[in-house]
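To keep things clear, I will list the structure first and then write my remarks on it.
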Amino acid sequence: MRAMTEAKKLYVKTYGCQMNVYDSERMAETLGAQGYVQVDTPEAADMILLNTCHIREKAAEKLYSDLGRLKPLHEEKPDLKIGVAGCVAQAEGEEIMRRMPIVDLVVGPQTYHRLPRMMEAVDRGERALDTEFPEEDKFAHLPKDRRTRRGPTAFLTVQEGCDKFCSFCVVPYTRGAEVSRPAPRLLGEARELVARGVREITLLGQNVNAYHGAGAEGSEWGLARLVRELARIEGLDRIRYTTSHPNDMEDDLIAAHGECDKLMPYLHLPVQSGSDRILKAMNRKHTAESYIRLIERIRAARPDLVLSGDFIVGFPGETEADFEATLDLVRQVGYGSAYTFKYSARPGTPAAERAPVDAAEADDRLQRLQALITEQQRATQNAMVGRRVQVLFEKPGRMEGQITGKSEYLHAVHVEGPESLLGQIAAVDILASGPNSLAGRLVG
Ligand code: 5AD
Ligand code: SF4
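Just so we're aligned, residue 1 is where the sequence shown starts under UniProt numbering, counting upward by one.
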C-alpha cells in the first residue's frame, strides 16, 4: 500500500488560445493521475507548468520574462519543478533548455500524453524534452475521466493543426497537419462532460470547420454531422465551435445554423483583411467579396447571427488604400466583436521575409480599426436592450445577490437571482447595456 503522503501541488499557467485552455486541463488531469492536485499560485506549487503560445512575438517574449521571474522562487525552493508546454515549447524547445537552466521539462502540444513518463525522468533529476509529432493519437492515451471539470461550460478539441499555410502564421509548423478526432470518441467525451453538469460545449480546432473525422461504421463526418449528432445528447443544450476558415464553410454547416436549435447564433469567422491584394499575399485563397457573400448566406440561414472575426493590420505591403478596404469590409459586415492584431513577423513564415510596414503607421491603423470595431460591438450589445435572451448562468456576480452568465449571443449578462440557478439556463429580459456586459431581469 502507498504511504499516505501529502499530494504534490501543480500550478498551470495558460497563455493564448482556447485550445491551450483545453490542453492545460488535459495535462492537469494527466498529472492528476500521478498524484498532483492543482493550486492557484506558483508559490504554493511543487511543479509549475507554463502552457505557451507562439502566435505573435509578444506571446513568446512573455514566456521568457515569466521564467525570469520564477528564478528567485526556484532558488528558494530548489526542488521546484518547472515545465514548458505548448507552441513555444514546440518551436523553441532546445533553445528554452539552453537559455533557461531552471526548466526541467519541455513538452509539445502533440506529446503531452507522455507526461507521466517524462515526469519519471524529471523525478530522477534528469531534464526531459519531447516535441515530436508522434504517430499515436494522444487523446487515446489521456485519462478518460474528465474529473477536473467545473462549471456548466466546457471546451472539446475535435480537430488540431492546419494545412492552410497563411503566409503570416506559425500554426501549421507548431501544431502540425490537420488531424480530426474520431466522432464516436468525441460523442463519448461530450456525454461524460454532460454527466458532470456541462450544458454548453465549444468545439475547438485551429480549423474546426475543416473537421472530417471517422464517423460510425467507416463513414466520414463533417462538422455539421458532428454538431447534429452532439445535439441529440440529452442535457447538452448549447453547442458552439471555433475557429473557422471561410473556405471550409460548407453548405450543410450553413444549413445547420438554421436548423439546429442547439447551435448558438454566434460565429467567429476570421477574414484578416478586406483587401484582395493583401488577402492574396496572405495566401488566404478567398476574396473580400466571396467572404461578404458567404456571410450573407449564413445570415440568410440564421438572421440573428452575431459575427466575430480576426484582423491583421500592417501586413507587409499594406497601403492606406488596402487598410481602407478593411474598414469598408468591417462596415459592410457589421461585427458583434472582433480581435485586431498588429502584424508580427514570425521566423520561418513566408511573410517574415518581406519588408515591414512603418511601425507608427501600423499602430495608427490598429487604433482606427479598433475604434470602428468597438463602435460596432457597442451597437450590437445595445441592440439587445428590450429583448428577451436565454442565459446560461455560470458564476456569482460581483455584487451580493447577483449571478452572471452568457446569452446565446455570448454577451455577458448579469441579473439579481439565486445561486441555485448556477448551471441552469433561464430567460432574461435585457434592461441595460454597460461597457462590457448587459444587465437584465429574470423572467417570471
Ligand atoms: N501577426 C499578427 N497576428 C497574427 N495572427 C496569426 N498570426 C499572426 C501574426 N504573425 C492572428 C490572426 C489569427 C489569430 C489567431 O491570430 O488574426 O486569426
Ligand atoms: Fe494560421 Fe491560417 Fe491556419 Fe488560421 S487558417 S491557423 S491563420 S495558417
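Even for Gly, the Cβ is constructed at its ideal location relative to N, Cα and C.
Give me every residue whose Cβ sits closer than 6 Å to any heavy atom of the ligand 5AD, in chain order. Result: ILE55, ARG56, PHE168, CYS169, PRO270, GLN272, ASP310, ILE312, PHE341, TYR343, SER344 and ARG346.
CB of ALA28 within 8 Å of CB of VAL12, strictly: VAL12 sits close to ALA28, with the two beta carbons spaced by under 8 Å.
Taking DSSP as the reference, what is the three-state secondary structure of ALA33? It is coil, neither helix nor strand.
Are the region 240-260 and the region 294-302 touching by the rule of at least three beta carbon pairs closer than 8 Å? Contact holds: three or more Cβ-Cβ distances are below 8 Å.
Find the nearest neighbour of PRO184 within the set TYR64, VAL171 and GLY218, judged by alpha-carbon distance. Sorting TYR64, VAL171 and GLY218 by C-alpha distance to the C-alpha of PRO184 places GLY218 at the top.
Just how far apart, CA to CA, sit GLY68 and GLU76? It is roughly 14 Å from the alpha-carbon of GLY68 to the alpha-carbon of GLU76.
Beta strand (DSSP E) runs wholly inside the region 109-168, at least 3 long, in chain order: Inside the region 109-168, DSSP marks whole beta strand (DSSP E) runs of 3 or more residues at positions 128-130 and 153-157, from first to last along the chain.
From ARG191 to PRO418, what distance separates their C-alpha atoms? If you take the alpha carbons of ARG191 and PRO418, they lie about 27 Å apart.
Separation of LEU422 from SER180, as counted between CA atoms: Those two C-alpha atoms are separated by around 33 Å.
Nearest to LYS164 by alpha carbon, out of ARG387, GLY434 and PRO350? Of the residues ARG387, GLY434 and PRO350, the one whose Cα lies closest to the Cα of LYS164 is PRO350.
For VAL313 versus TYR343, is the C-beta spacing smaller than 8 Å? Against a cut-off of 8 Å, the Cβ pair of TYR343 and VAL313 comes out as a contact.
Considering only C-alpha positions, which residue in the set ALA379, ALA412 and GLN367 is nearest to PHE323? Closest by alpha carbon: GLN367.
Can you find a heavy atom of the ligand SF4 that lies under 7 Å from the Cβ of GLN206? At least one heavy atom of the ligand SF4 is nearer than 7 Å to the Cβ of GLN206, so yes.
Element boundaries [beta strand (DSSP E), containing ALA288]: In the DSSP assignment, ALA288 falls outside any beta strand (DSSP E) and within the unbroken alpha helix (DSSP H) covering 288-301.
Do VAL385 and ALA432 have their beta-carbon atoms positioned less than 8 Å apart in this structure? Yes, these two residues count as a Cβ contact at 8 Å.
According to DSSP, is residue 453 part of a helix, a strand, or is it coil? A question about residue 453 goes unanswered here, because the residues of the chain that appear run from 1 up to 444.
CYS17 - DSSP class collapsed to helix/strand/coil: If DSSP states are grouped into helix, strand and coil, CYS17 belongs with coil.
Applying the 10 Å Cβ sphere with the 16-neighbour rule, what's the burial state of ALA379? Counting Cβ neighbours within 10 Å, ALA379 comes out exposed, since fewer than 16 surround it.
Measuring straight from C-alpha to C-alpha, what distance separates GLU394 and LEU187? The straight-line gap separating the alpha-carbon atoms of GLU394 and LEU187 is approximately 23 Å.
For the alpha helix (DSSP H) containing GLU328, name the first residue and the last one. With the sequence shown as reference, residue 328 is identified as Asp, and Glu is not the correct amino acid for it. Counting along the chain, the alpha helix (DSSP H) containing ASP328 begins and ends at 320-333.
GLY188 lies in the alpha helix (DSSP H); which residues open and close that run? The continuous alpha helix (DSSP H) containing GLY188 extends over residues 183-195.
By how many angstroms is the C-alpha of LEU10 removed from the C-alpha of HIS38? What sits at residue 38 in the sequence shown is Gln, not His. So the two alpha carbons sit approximately 5 Å from each other.
For THR404 and LEU230, I'd like the C-alpha separation in whole angstroms. Rounded to whole angstroms, the separation of the alpha carbons of LEU230 and THR404 is 26 Å.
Taking DSSP's pairing of strands, which residues face PRO396 in a bridge? Beta-bridge pairing links PRO396 to ILE403.
Closer than 8 Å is the cut-off here; do at least three beta carbon pairs connect the region 127-143 with the region 205-216? The region 127-143 is not in contact with the region 205-216.
Where DSSP assigns a beta bridge to ARG240, which residues make up the other side? Paired residue(s): THR202.
May I ask which residues mark the beginning and end of the beta strand (DSSP E) holding SER433? Element bounds for SER433: 425-433.
Tell me whether THR340 sits in a helix, a strand or coil according to DSSP, three-state version. The answer is strand: DSSP assigns THR340 an E or B state.
Among the candidates ALA371, SER308, ASP328 and VAL357, whose CA atom is the shortest distance from the CA of HIS411? Check the Cα spacing between HIS411 and each of ALA371, SER308, ASP328 and VAL357: the tightest is with SER308.
Taking 7 Å as the cut-off, is the CB of PHE155 close to at least one heavy atom of the ligand SF4? False, no ligand heavy atom lies under 7 Å from that Cβ.
Got a sec: does the ligand SF4 put a non-hydrogen atom nearer than 7 Å to the Cβ of CYS162? For the ligand SF4, at least one heavy atom lies less than 7 Å from the Cβ of CYS162.
Alpha carbon to alpha carbon, how far is GLU201 from PRO347? One point to set straight first is that residue 201 is Ile, not Glu, in the sequence displayed. Per the coordinates, the alpha-carbon of ILE201 lies some 35 Å from the alpha-carbon of PRO347.
Which same chain residues end up closer than 6 Å to ASP248 when comparing Cβ atoms and leaving out the 5 residues on each side of it in sequence? Non-local C-beta neighbours of ASP248 in its own chain, meaning closer than 6 Å and more than five positions away in sequence, comprise ASN209 and ALA210, ordered along the chain.
Can you check which of these residues, GLY161, LYS138, LYS280 and VAL271, is closest to ARG293 by C-alpha distance? Minimum Cα distance to ARG293 is reached at VAL271.
Quick one: Cα of VAL103 to Cα of LEU73, how far? Their backbone Cα atoms lie some 13 Å apart in a straight line.
Can you look up ALA214 in the DSSP assignment and give me helix, strand or coil? Three-state DSSP puts ALA214 in a strand.
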